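Residue numbers (my numbering): 4 to 482.
The structure is reproduced here in structure tokens:
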């Protein structure tokens, strides 16, 4: 647990620092162009992985021959996709409505090869709970991205600083993964397709699931960029980055720990329910007050950290914060279903969700072409359809949801004093920086005191968990 905490703090520091510094230097248009590049790369990355990352974790006793075969298949797919992006870059740029994207796609396509170089090694480290190595790889790669992107931005490279920073992350990730792999984790020059085929079939559903899931998270950006242009997309993408920041940085760390444990205890319902409840309740305890608090101070937060140029992003943050809470609650369910061997459930759900979300966003933008429409349609879709996902997780994941729903509702209620204090009082001082600092401090103190006073036993449990010096100790106590 110590290493996951270190990794979490470092990754938050690097990525939030990079976001704040580069937003001031580059402006909305550069971030909008990069968001359009990421639409394509994030959709293709699950294809490059082919679901084999999760297959390696789910099947802990794979032979060296099978692992090596899966590795080379992974790398071959990545090479094919990278070549396809390089050749098809002009057509992708035309589809997304900006010819400047052609060169950007061609520069960024090597990540589709660099990712598979490290993917299986990282999966094996995850399976074997080598969180020290995972932390070093994450910290090193994010540090390389931060240093490269900020340096090039200061030199006036514009959107290309974001591209080169992105490439630096994957290059360093591959180097560190191979460096720490040792002989036991590195692939051999072997090939046995017939033996590996069952695991490729397992990966097919997971690949489709991830592909559709990523597509659903990127379709709004593609539509906003295509219809409204990269500058408006820049505001929208920054708002989303802030909303998903705690989700994307904290949830994967907890899920990385949880997934191999879910796979091991899937046949023991009581332990599975207990561990799932503790994992999800921790995510809710962090994400709900953080996102509500961010929504309450959105305007001064944007002005202080990004500058007045970015103020159009503030109302988007306030709308998307509620969507973010739903995502924080829903996110761990996919890992649980996968651990139960039901990747098909997530796959079919994501197909339906993506089709519905695409239609809702497209219709909304057609009627009211502005960034706030995209945010509101996300919220409408979450309220109309989100309950179906939770029903599927409860039904096929074999977990009891009532306790989790009560915990989520209770956490929202604990935020009410903070909402009243921060949302319905005028500025406390004329200095924006001081006003923001006081509001954040007041919100944190108020929520923490209420939680600590009303739920002392839980509070002591989380504090005790944080003091654990290694994951195995915490795992044994939790189970």
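Think of the CB as a built atom: it goes at the ideal place given N, C-alpha and C, for glycine as much as any other residue. Predicted model only: the values in this text are computed from it and were never measured.
Of all the options the options, which has the alpha carbon lying nearest to the alpha carbon of residue i?
{"i": "residue 220", "options": "71, 407, 447, 364", "result": "364"}
{"i": "residue 452", "options": "467, 414, 427, 429", "result": "414"}
{"i": "residue 422", "options": "133, 293, 274", "result": "293"}
{"i": "residue 148", "options": "156, 134, 168", "result": "168"}
{"i": "residue 152", "options": "143, 171, 142", "result": "171"}
{"i": "residue 406", "options": "278, 183, 67", "result": "278"}
{"i": "residue 282", "options": "460, 42, 126, 410", "result": "410"}
{"i": "residue 25", "options": "138, 157, 73", "result": "157"}
{"i": "residue 66", "options": "191, 287, 241, 239", "result": "191"}
{"i": "residue 126", "options": "164, 100, 232, 181", "result": "181"}
{"i": "residue 402", "options": "327, 339, 383, 385", "result": "339"}
{"i": "residue 397", "options": "348, 82, 436, 133", "result": "348"}
{"i": "residue 123", "options": "93, 139, 77, 325", "result": "77"}
{"i": "residue 371", "options": "312, 241, 130, 231", "result": "231"}
{"i": "residue 341", "options": "19, 466, 210", "result": "210"}
{"i": "residue 19", "options": "241, 355, 86, 72", "result": "241"}
{"i": "residue 239", "options": "428, 324, 404", "result": "324"}
{"i": "residue 462", "options": "273, 427, 73, 284", "result": "284"}
{"i": "residue 71", "options": "466, 187, 86", "result": "187"}
{"i": "residue 465", "options": "404, 288, 420", "result": "288"}
{"i": "residue 159", "options": "73, 429, 28, 81", "result": "28"}
{"i": "residue 86", "options": "412, 113, 460", "result": "113"}
{"i": "residue 237", "options": "139, 373, 337, 130", "result": "373"}
{"i": "residue 404", "options": "428, 276, 213, 445", "result": "276"}
Grab me the residues of residue i's own chain with a C-beta within less than 8 Å of its C-beta, minus the 5 sequence neighbours each way, in chain order.
{"i": "residue 166", "result": "37, 40, 107, 110, 111"}
{"i": "residue 302", "result": "314, 317"}
{"i": "residue 352", "result": "391, 392, 395"}
{"i": "residue 21", "result": "148, 149, 152, 153, 168"}
{"i": "residue 326", "result": "246, 378, 381, 382, 385"}
{"i": "residue 475", "result": "Summary for residue 475: the model assigns pLDDT 46, below 50, so the residue's position carries little reliability, and this model does not support an answer."}
{"i": "residue 467", "result": "none"}
{"i": "residue 479", "result": "In this prediction, residue 479 scores a pLDDT of 39, lower than 50, which makes its location untrustworthy; no coordinate-derived value is stated."}
Considering only residues of the same chain and omitting the five flanking positions on each side of residue i, which have a CB-CB separation below 6 Å?
{"i": "residue 223", "result": "364, 377"}
{"i": "residue 447", "result": "none"}
{"i": "residue 431", "result": "438, 441"}
{"i": "residue 361", "result": "222"}
{"i": "residue 143", "result": "175, 179"}
{"i": "residue 98", "result": "none"}
{"i": "residue 120", "result": "177"}
{"i": "residue 128", "result": "136, 137"}
{"i": "residue 184", "result": "124"}
{"i": "residue 93", "result": "105"}
{"i": "residue 420", "result": "449"}
Excluding five sequence neighbours on each side, which residues of the same chain lie with their C-beta closer than 7 Å to the C-beta of residue i?
{"i": "residue 389", "result": "329, 333"}
{"i": "residue 84", "result": "47, 50, 51, 115"}
{"i": "residue 481", "result": "Because the pLDDT of residue 481 is 43, which lies under 50, any placement of that residue in the model is unreliable, and the number read from its coordinates should be weighed accordingly. Closer than 7 Å at the Cβ level, and outside the excluded window around residue 481, lie 278, 281."}
{"i": "residue 359", "result": "384, 388"}
{"i": "residue 354", "result": "215"}
{"i": "residue 81", "result": "51, 115, 116, 118, 119"}
{"i": "residue 433", "result": "none"}
Please tell me whether residue i and residue j are closer than 8 Å, where the distance is taken between their beta carbons.
{"i": "residue 95", "j": "residue 104", "result": "yes"}
{"i": "residue 399", "j": "residue 345", "result": "yes"}
{"i": "residue 247", "j": "residue 235", "result": "no"}
{"i": "residue 3", "j": "residue 45", "result": "The structure shown has nothing for residue 3, since the chain only spans 4 to 482."}
{"i": "residue 357", "j": "residue 367", "result": "no"}
{"i": "residue 17", "j": "residue 189", "result": "no"}
{"i": "residue 449", "j": "residue 424", "result": "yes"}
{"i": "residue 331", "j": "residue 290", "result": "yes"}
{"i": "residue 286", "j": "residue 335", "result": "yes"}
{"i": "residue 100", "j": "residue 229", "result": "yes"}
{"i": "residue 436", "j": "residue 305", "result": "no"}
{"i": "residue 454", "j": "residue 417", "result": "yes"}
{"i": "residue 43", "j": "residue 88", "result": "yes"}
{"i": "residue 309", "j": "residue 23", "result": "yes"}
{"i": "residue 79", "j": "residue 215", "result": "no"}
{"i": "residue 312", "j": "residue 30", "result": "yes"}
{"i": "residue 164", "j": "residue 155", "result": "yes"}
Following a CB-centred definition, is residue i positioned closer than 7 Å to any heavy atom of the ligand FAD?
{"i": "residue 74", "result": "Among the components of this structure there are no ligands whatsoever, and the ligand FAD is therefore not found."}
_Does the structure place the stretch 175 to 183 close enough to the stretch 20 to 35 that three or more beta carbon pairs sit under 8 Å?_
no
_Three or more C-beta pairs under 8 Å: does that hold for the stretch 317 to 324 against the stretch 284 to 300?_
yes
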